[in-house]
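S.K.: All letters in the sequence shown, in the order written, are residues 4 to 295 by the numbering used here. Positions of the beta carbon are idealized from the N, C-alpha and C atoms, including for glycine. Computed from a predicted structure; not experimentally measured. I'd like to ask some things about the structure below.
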Amino acid sequence: MNAKLHVLGSGTPTPTKERWGSCFVLEIPGEQIMFDCGPASTYKMILMDLDPKKVNNLFFTHHHSDHDLDYPCFLLTRWETSIGNEENLNIYGPPPTELLTTRLIDLDIGAFAHDLIARTNHPLSLNAYQIRGGVLPRQLPKYIARDISPGEVINTKNAKVTSTLAEHVEPYLDSLAYKVETEGLSIVFTGDTRPCKTVVELARDADYLVCICSGLQSDIEGTPEDDYMSGSIDAGMMAKEANVSNLMLVHEGYNLSDPKNLKDAIDGIKNIYDGNVIQTNELKTYDLQVGK
């Protein structure tokens with residue numbers, strides 16, 4: 004099984020020199036699947052030699068801006084670099100996934116309708132389209148956006164993706180976690196969540212748990228972060244309870260940019276969880292293996 008996780012965003016809404024926002028591209032044989040599309044995700048894809056046109060499925064965990072801020076950029080770049088033979092982009096997530104997509108690129112009311120109209124009609128854009136191999140008339144973006152709920156199963160080309168409830172900022176925004184199963188490999192993306200049974204059950208015996216770690220646990224105790232997100236010990240406890248083989252730390256708070264804080268966080272996790280702990284870095288690719 005040849006699978007890779009490309010980490011484009013493993014930070015928070017607050018940018019640091021090391022990380023900003025959330026975005027991951029899971030590469031498995033025959034396809035690439037994106038999870039969230041936070042700040043600068045499209046640019047980071049190019050830095051990692053990833054082609055936006057090869058992503059045909061995008062799953063949002065929720066719609067805080069650090070998870071979807073680059074969505075319009077990704078949509079338009081994928082389209083603007085195409086020659087009309089790309090597959091539909093399937094977009095899934097909790098509400099308002101459908102509404103957000105409509106408000107961005109619907110030809111009547113979308114915020115970027117003016118761009119779509121200009122690029123499908125003006126000779127300058129049509130010439131550029133033909134130069135890169137497109138055949139007129141130029142088509143509009145191909146996409147299907149769909150709001151989904153906990154418990155839904157989506158079958159992509161070579162994977163099964165199962166959603167479950169994550170607990171974060173309800174009732175203002177709904178949140179989902181996802182489990183991907185492909186050729187014996189299982190990987191779970193928690194998104195933003197506090198420790199909760201639904202996510203633990205989804206991750207039961209998974210090979211990888213890509214888990215929020217918003218900060219050193221002692222730094223967030225007694226704060227709203229402690230109530231509605233997961234710190235270092237929370238991440239370790241979920242990994243232990245779910246019996247996962249590997250814990251990958253993402254959505255790391257700015258305080259974990261300090262080497263001492265990061266060491267303390269990982270040491271604390273290892274005191275309660277005996278699997279592999281992987282501190283992820285942006286613009287890095289991780290090879291994924293069953294049970295390792």
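1) Between the alpha carbons of Asp-111 and Ala-148, how many angstroms are there, rounded?
2) With DSSP run on the structure shown, which of helix, strand or coil describes Leu-143?
3) Starting from Cys-76, follow the alpha helix (DSSP H) in both directions and report where the run begins and ends.
4) By how many angstroms is the C-alpha of Glu-83 removed from the C-alpha of Gly-136?
5) Touching or not, the segment 254 to 261 and the segment 14 to 25, by the rule of three or more beta carbon pairs under 8 Å?
6) State the start and end residues of the unbroken beta strand (DSSP E) segment that holds His-9.
7) Run through DSSP, which three-state label would Gly-239 get?
8) For Asp-71, name the three-state secondary structure that DSSP assigns.
9) Taking Ser-233 as the reference, give the member of Thr-226, Pro-198 and Glu-244 with the closest Cα.
10) In angstroms, rounded to a whole number, what distance separates the CA positions of Ala-268 and Arg-81?
11) Answer with buried or exposed for Glu-170, where buried requires no fewer than 16 other C-beta atoms within 10 angstroms of its C-beta.
12) Pull the bridge partners of Lys-123 from the DSSP assignment, please.
M.R.: In this structure, then:
1) Counted from its first residue, the sequence shown places residue 111 at position 108. Counted from its first residue, the sequence shown places residue 148 at position 145. Spanning the two alpha carbons is a distance of roughly 17 Å.
2) Here the question's residue 143 lines up with position 140 in the sequence shown. Three-state DSSP puts Leu-143 in coil, outside helix and strand.
3) Taking the sequence shown and counting its residues from 1, the one referred to as residue 76 is at position 73. Residues 74 to 83.
4) The residue labelled residue 136 in the question sits at position 133 within the sequence shown. The residue labelled residue 83 in the question sits at position 80 within the sequence shown. One C-alpha to the other measures close to 12 Å.
5) yes
6) The sequence position of residue 9 within the sequence shown is 6, counting from 1. Segment 6 to 13, the beta strand (DSSP E) holding His-9.
7) As a working mapping, residue 239 is identified with position 236 in the sequence shown. In the structure shown, Gly-239 sits in a helix (DSSP, three-state: H, G or I).
8) Here residue 71 refers to the residue found at position 68 when the sequence shown is read from its first residue. Correct three-state label for Asp-71: helix.
9) Here the question's residue 233 lines up with position 230 in the sequence shown. It is Pro-198 whose Cα lies nearest to the Cα of Ser-233.
10) The residue labelled residue 268 in the question sits at position 265 within the sequence shown. The residue labelled residue 81 in the question sits at position 78 within the sequence shown. Going by the C-alpha atoms only, they are around 38 Å apart.
11) Stepping through the sequence shown from its first residue, residue 170 is reached at position 167. So Glu-170 counts as buried.
12) Taking the sequence shown and counting its residues from 1, the one referred to as residue 123 is at position 120. Per the sequence shown, residue 123 should be read as Thr rather than Lys. None, per the DSSP bridge assignment.
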